[in-house]
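Colleague: Going line by line, the protein sequences match chains A and F.
Going by this note's numbering, 1244 is the number at position 287 of the first sequence; the sequence numbering is gapless.
Going by this note's numbering, 625 is the number at position 510 of the second sequence; the sequence numbering is gapless.
Below is a structure I'd like to ask you about.
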Amino acid sequence: MMSKRLWLLPIALALAAGGGLMTFRYKDPADVEPPKDDAFSDTLSAGDPGFERAYRPRPFSFPDDFGPHERFRTEWWYFTGNLQTQGRRRFGYELTFFRFALTPHRPASQSAWRTNQLYMAHFALTDAKTGGFFADERFSRAANGLAGARNDRYRVWLYDWKAESRDDVDFPIRLQARSGAFAIDLNLETQDSPVLQGDKGLSQKSAEPGNASYYYSYPRIATNGILTVGGKIHRVTGESWMDREWSTSALAKEQAGWDWFALQLDDKSELMFYRFRRKDGRPDPNSAGAWFLADRSKLPLTEREVVVEVLGYWKSPHSKITYPARWRLSVPGQKLSLEIVPLINDQELNLSYRYWEGAVSVRGRWNGKEIEGKGYVELTGY
Amino acid sequence: MAGLLRRSSRNHLFRHPGQLVLALLGVALGVAVVVAVDLALESAFRSFALAGEAVSGRATHVIGEDEGLDEQLYIRLRVEQGIRNMAPLIRDDVALAPDSDDRYTLYGIDPLIEKDFRAAWQKQSAGGDSGRLLRKLLTEPNGVLIGERTARRLHAAAGDTFLIRTATGLHVLTIIGLIEASDAVAEQLLDKVIVADIATVQELTGLYGRLSRIELMLPEGAEQGPILEKIRRALPENLRITAVETQAQAAREMTEAFSVNLKALGLLSLLVGLFLIYNAMLFLVVQRRGLIGILRALGVTRWEIFGLILREALLLAVIGTLLGTLAGIGIGRFLLPSVSATLSSVYFATGSDTLLIAPEQIFKAVALGIGASLLAVLPPAFEATQVSPAAALARSRLESGSKRMVRLGLGFGLLLIALGLAVIELSESSIRFSLAGIFLLMAGFALLTPAATLGLMQGIGRLVESRSIIGRLPVRLISAEISRTGIAMAALMIAVAATIGMDLMITSFRQTVSDWIRTSLQGDLYVTLTGNPAAPGKAAKNRKLKAAIQALPGVDATSSVLRTSLPAPTGPLPAAVFDLNERSHAGFLLLQQSEAVWERFEQKPTIFVTEAFAYHHRLKLGDTLTLLAPTGPAMYQVLGIYADYSGDRGHIAMSRRQYLRHWPDLGFTGIGVYARREAGITELEKSIRRTLSAGQTLRSARAIYEASMHVFEQTFAITETLRGLAAGIAMIGVFGALTALQLERARQIGILRAIGLTPAQLYRLIATETGLMGLCAGLFALPVGCLVAYELIFVIYRRAFGWTMAFHFHPEMLLYGLLLAFGAALLAGLWPARKMARINPAEALRME
């Protein structure tokens, strides 16, 4: 008979049965509340001169600029939107794809898994009626078809979460994400061209040259589709906002975080403003934004032109972090004053990277006339 | 009055401190042996189960067979089907280069899978610097993680490099970080493991496009069904998804079978313990008969005395049980390393050296100690309190009463034996019931012991009729005091019978396995090939190697085997695929076979199955077995059933020609080399070694035989230890019983001395008596031991493993058993004999 390991066979069998099952997993009872994993922010901390940076404005060309810019370190495809059912039940959603380059250049390998590009996606749903908020995340490398983005047509995906042009190269775009009993399947349609943020699309984040991003937006996209909350399906319509931004920038040392406002007003104008918060509490001159008027003209906003007052706070029961939860954003030069109120307070994404991002209602006055709106606010670094 | 009673009782105990100590010793030892064996076994098994849990981690299901799978399946499941909580995994055996035989396992993982499903070490490694670690894992060329123990082994730290050899050649690996194991089990599991990103592992091994398997963590309950269905629909035909429990179940069944031995010993210890306790407590009452008679004569009521005895017995039982439990824990701690070592050597590392004490085990010990004590005390206490005070004072009454008990024991013993045999016969494949049957059988024989002793003594009595009184006296003494001698002998008998039974069983097993290995190894040299069977070009390389070996001068023929698994409707079945030559046919010990077996084995869709496989799958010669070939179900006729002791689950044997008709060539896991008669094996070994590369080892048939027998001995080492322990404790118990017996008959001895027996004669008298008791117990143990061996070999082992063993009878074993019993009893009788012989007759008479 053949080369038998005889009595050694039970060992081999046991190893095949046991060793077969990933030998280094074990339950850790102390692991109830996992420590915050800074994996993604940490991967970005190392400065590398090989990355491209945004120094000066550049022309945008499509569909190329729908796709990834892998020589830049960070990039995102950011969808947020306020939706409602026929019965006027309000929902908010966020679906974001982040791209991170670990190194400036894609390494060569015969392995389809080898890459320097990582993707992270966040999916969140806000249910204004029940006060429910749901958020989940995904990670993957951009290799072997697991995740990635294309530059021949609009398509960005991570596993089965995706934002993808339905048939043409751009709109209509279909957004799909599902996590357990929560899901969206939305159709986004617009005839508009993108608006360029900052200086012709160059958005300076600090005084340092190159610490800037390329940034364009579709600030108002008609949206309809299906939204599943807790297993219940709702047919919804509303408006979404899409941001595309890529950079090799990081927060400057003195910057603690930012508050970002993306507001869709009912006079068909949209206002975007990001406010950097400095660790010393002083105003940061790099805060900026723009007001895109109904006639599509752009009104750039600087830090000195915009006043943001915090009217109320909310302390997260999950993280015990206190976030501002009500603002008055005014542009005195334009006689614009808006009061911004979250749909619900608890829209904190307790994910690997924790932040607050939520649907808001807007009500105020412009030139003495009442004005209303909806939007999304993002709070980081709290 | 009650206080006075208690005082009288206490005074009696204090006046006989020897007996008090012996009673406590008896209870304590009985409890200790049970607790020790129980705890050691349970701890070993429990930590084994814990290790099993750690191994399977959080995965609930696994996709993937031996040959691995196409990585695109994973992508499809993730992207198209949206299946969550999946981990792609690639593993390969690598050698620590340059020319070490030291094997390491290389795992390729995706560190970016769902956090809930990620290995714990990923979260806690590198002191929270997991981002940096992740970045390095993905970007550092040949960057790997190793466990701390592996690092010590390599004398390396983070940042160092080391060399490995894979199928694609030599590679320098950089240690980018150390994995911290949170406990001993994890540390053990991480030993000799190298972890890297999946891309790195593919680059190192050349397994591009392949995965070894996909692990999944599916939700429990109602949600699982639809997901499972979705996955099943997406799987190609040759792959299936298996629940981890099914895999763990297989491992558990293996250890279950192994544990049969140890459980049998646990039962034996329980039996011995019971008898020891019974013996100790019985003495307590029997000695008190005089006192009871006096108390009764003084007007104390029966129930007062009955209560007194019970209270006292309870007190002693509680103290004895407490001491016994503590001693048992101590002995268990001492036993555990060898129990775990056996489990580790045969199955896999358990890394257990802490005794796990469960409340139910302690409860068992307490119930045993106190229950058996009360049970032992009740009948004599009842008897002593029921008779008239005068009768209680007379010993003869007790002994004639115990003659009745002996007859009762005989009847009850026969009943238990019949019941035991019936239980074994009817228990079918339940090992637990079979063992319970053995327990009943032995208990039955133990009850027979006093009757058998009486019979034997009558015989011997007749033989020594003509001899002097000194010659007749020991025989008469044993018969006359059967109430005490009988129980000590029963305990001794059981210990010896179990020793004989286990010895016979192990020897038979060893002989059978040794014969089988010798027959199986028809070749002269064997090459073992490891590595991932899915590696590209492995099959071709293996075939080339076989051809190269075949072409060497001095090689007469070669054969090959591929150990793999073949899909069947019930799940994958272990299989060995053989390419045989004329000479290798003789290596199969076909227990049952059909006509023209070898030709049909090659040409027709037929298989051989091992005996264990046939047993577990209820297959007979001529039955058909369905396997799931890629083209659809295929039927295979069972052409022969052959002996194989290499595993307790068994496997299928199929010819390579038949295998290749349906399944892809995965190369070989072994090549057998048959030398020409005139060829020098050493020369041949050298020239074959030159053709081998990393991961291929060459061993001679002789070396394999020796290694196999070494593992066999390791497996049974613990059995020996436990048996020794049980026998040892039985000896101490017998010693205690005999000592108590001698101490108790001080008055008798006083009389004997008074009527003129010299101390030397007395010494001889007692020594003869105890020696005779030992001999009796030994004689009786012989048939009982053989019967136990028979049941173990032909019933229990067959049920546990599906193996048939030849019964190898060793006369010297019986002699050894006899000597053991005789020696132990004689030794136990020496000290009391000396003490009694020295006693002053007047003093001895006064003592009563």
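Don't be surprised by glycine CBs; every beta carbon is placed ideally from N, CA and C.
Model, not experiment: these values are computed from the prediction.
Could you tell me whether the Cβ of Ala241(F) comes closer than 8 Å to any Cβ of chain A?
Modeller: A caution first: Ala241(F) carries a pLDDT of 40, below 50, which makes its placement in the model too unreliable to give a value.
Colleague: In angstroms, rounded to a whole number, what distance separates the CA positions of Leu562(F) and Ala727(F)?
Modeller: Rounded to the nearest angstrom, the two C-alpha atoms are 37 Å apart.
Colleague: Buried or exposed: Pro1299(A), going by 16 or more other Cβ atoms within 10 Å of its Cβ?
Modeller: The residue is buried, with at least 16 neighbouring Cβ atoms inside 10 Å.
Colleague: Could you check how far apart the C-beta atoms of Asn1039(A) and Lys1331(A) are, in whole angstroms? I think they sit under 8 Å.
Modeller: Asn1039(A) to Lys1331(A), Cβ: 4 Å. Contact.
Colleague: Which word fits Glu1329(A), buried or exposed, when buried means at least 16 other C-beta atoms lie within 10 angstroms of its C-beta?
Modeller: Per the 10 Å Cβ criterion, exposed.
Colleague: Using the Cα positions of Gln317(F) and Leu188(F), report the straight-line distance between them to the nearest angstrom.
Modeller: Computed Cα separation, rounded: 16 Å.
Colleague: Taking Gln876(F) as the query, report the chain A residues whose CB atoms sit under 7 Å from its CB, ordered along the chain.
Modeller: The premise fails here: Gln876(F) is roughly 57 Å from chain A at the closest Cβ pair, so nothing lies under 7 Å.
Colleague: Can you pull the chain A neighbours of Ala314(F), defined as C-beta to C-beta under 7 Å?
Modeller: Here the neighbours are Ser1066, Ser1068, Trp1070, Arg1071.
Colleague: Report the residues of the region 1244 to 1277 of chain A with a CB closer than 8 Å to any CB of chain F, ordered along the chain.
Modeller: So nothing in the stretch comes that close.
Colleague: So, is Thr276(F) buried or exposed, given that buried needs 16 or more other C-beta atoms within 10 angstroms?
Modeller: Thr276(F) comes out exposed.
Colleague: What do you get for Ser823(F), buried or exposed, if any count of 16 or more other CB atoms within 10 angstroms of its CB means buried?
Modeller: When all chains shown are included, Ser823(F) counts as buried.
Colleague: Which of the three DSSP states is assigned to Ser1122(A) in this structure?
Modeller: Three-state DSSP puts Ser1122(A) in a strand.
Colleague: Classify Ile584(F) as buried or exposed, calling it buried when 16 or more other Cβ atoms lie within 10 Å of its own Cβ.
Modeller: Flag for Ile584(F) reads exposed.
Colleague: Are the region 396 to 416 of chain F and the region 623 to 635 of chain F touching, with three or more C-beta to C-beta distances below 8 Å?
Modeller: The answer is no - the region 623 to 635 of chain F does not touch the region 396 to 416 of chain F, with fewer than three Cβ pairs under 8 Å.
Colleague: Report yes or no: is there a C-beta of chain F within less than 8 Å of the C-beta of Asn1101(A)?
Modeller: It does: the Cβ of Asn1101(A) has a partner Cβ on chain F nearer than 8 Å.
Colleague: Identify which residue in Val152(F), Asp208(F), Ile346(F), Gly552(F) has its Cα closest to the Cα of Leu907(F).
Modeller: Ranking the options by Cα distance to Leu907(F), first place goes to Gly552(F).
Colleague: Along chain F, which residues have their Cβ under 8 Å away from the Cβ of Asp1117(A)?
Modeller: Going along chain F in sequence order, the residues near Asp1117(A) (Cβ under 8 Å) are Arg193, Val194, Glu195, Gln196, Gly197.
Colleague: Pull up the distance between the alpha-carbon of Ala691(F) and that of Leu677(F), whole angstroms please.
Modeller: If you take the alpha carbons of Ala691(F) and Leu677(F), they lie about 6 Å apart.
Colleague: So, is Pro256(F) buried or exposed, given that buried needs 16 or more other C-beta atoms within 10 angstroms?
Modeller: With fewer than 16 Cβ atoms within 10 Å of its Cβ, Pro256(F) is classed as exposed.
Colleague: Let me know if Met750(F) comes out buried or exposed under the rule of 16 or more other beta-carbons within 10 Å of its beta-carbon.
Modeller: Met750(F) should be labelled exposed.
Colleague: For Tyr1173(A), which residues from the same chain have a beta carbon less than 7 Å from its beta carbon, with the 5 sequence-adjacent residues on both sides left out?
Modeller: Excluding positions up to five away in sequence, the list reads Phe1017, Pro1151, Val1152, Leu1153, Gln1154, Gly1158, Arg1201.
Colleague: If we cut at 8 Å on Cβ distances, does Phe1080(A) have a partner in chain F?
Modeller: No, no contact with chain F.
Colleague: Name the chain F residues whose beta carbon is nearer than 9 Å to that of Ser1097(A)?
Modeller: Correct list: Arg193, Asp225, Leu227, Ile228.
Colleague: Between the region 316 to 332 of chain F and chain A, which residues of the former have a C-beta closer than 8 Å to a C-beta of the latter?
Modeller: Those would be Gln317, Glu318, Tyr323, Gly324, Arg328, Glu330, in chain order.
Colleague: Count the CB pairs spanning the region 781 to 800 of chain F and the region 660 to 675 of chain F that are closer than 8 Å, and state whether there are at least three.
Modeller: The region 781 to 800 of chain F vs the region 660 to 675 of chain F: in contact.
Colleague: State the start and end residues of the unbroken beta strand (DSSP E) segment that holds Thr175(F).
Modeller: Here Thr175(F) belongs to no beta strand (DSSP E), and DSSP marks it neither H nor E.
Colleague: Counting only Cβ-Cβ distances shorter than 7 Å, please list the residues of the region 1132 to 1164 of chain A near chain F, keeping chain order.
Modeller: So the close ones are Arg1135.
Colleague: Using three-state DSSP, classify Tyr1312(A) as helix, strand or coil.
Modeller: Tyr1312(A): strand per DSSP, three-state reduction.
Colleague: Beta-carbon separation of Ser1066(A) and Ala311(F) under 8 Å?
Modeller: Against a cut-off of 8 Å, the Cβ pair of Ala311(F) and Ser1066(A) comes out as no contact.
Colleague: Going by C-alpha to C-alpha distance, which of Leu930(F), Glu927(F), Gly889(F), Arg914(F) sits closest to Ala936(F)?
Modeller: It is Gly889(F) whose Cα lies nearest to the Cα of Ala936(F).
Colleague: On the three-state DSSP scale, how would you describe Leu333(F)?
Modeller: Coil at Leu333(F), not helix or strand.
Colleague: Could you pull out every unbroken beta strand (DSSP E) segment of at least 3 residues lying fully inside the region 1073 to 1130 of chain A, listed in chain order?
Modeller: Whole beta strand (DSSP E) segments, 3+ residues: 1074 to 1084, 1089 to 1098, 1104 to 1107, 1112 to 1115, 1118 to 1122.
Colleague: Would a C-beta distance cut-off of 8 Å place Thr1205(A) and Glu1027(A) closer than the cut-off?
Modeller: Cβ atoms of Thr1205(A) and Glu1027(A): not closer than 8 Å.
Colleague: Taking 8 Å as the CB-CB cut-off, is Leu1306(A) touching chain F?
Modeller: Output row for Leu1306(A): interface = no.
Colleague: When you compare only the Cα positions, how much space is there between Leu1268(A) and Met332(F)?
Modeller: If you take the alpha carbons of Leu1268(A) and Met332(F), they lie about 45 Å apart.
Colleague: Report the rounded CA-to-CA distance for Glu1262(A) versus Gly1338(A), giving the unit in angstroms.
Modeller: Their backbone Cα atoms lie some 23 Å apart in a straight line.
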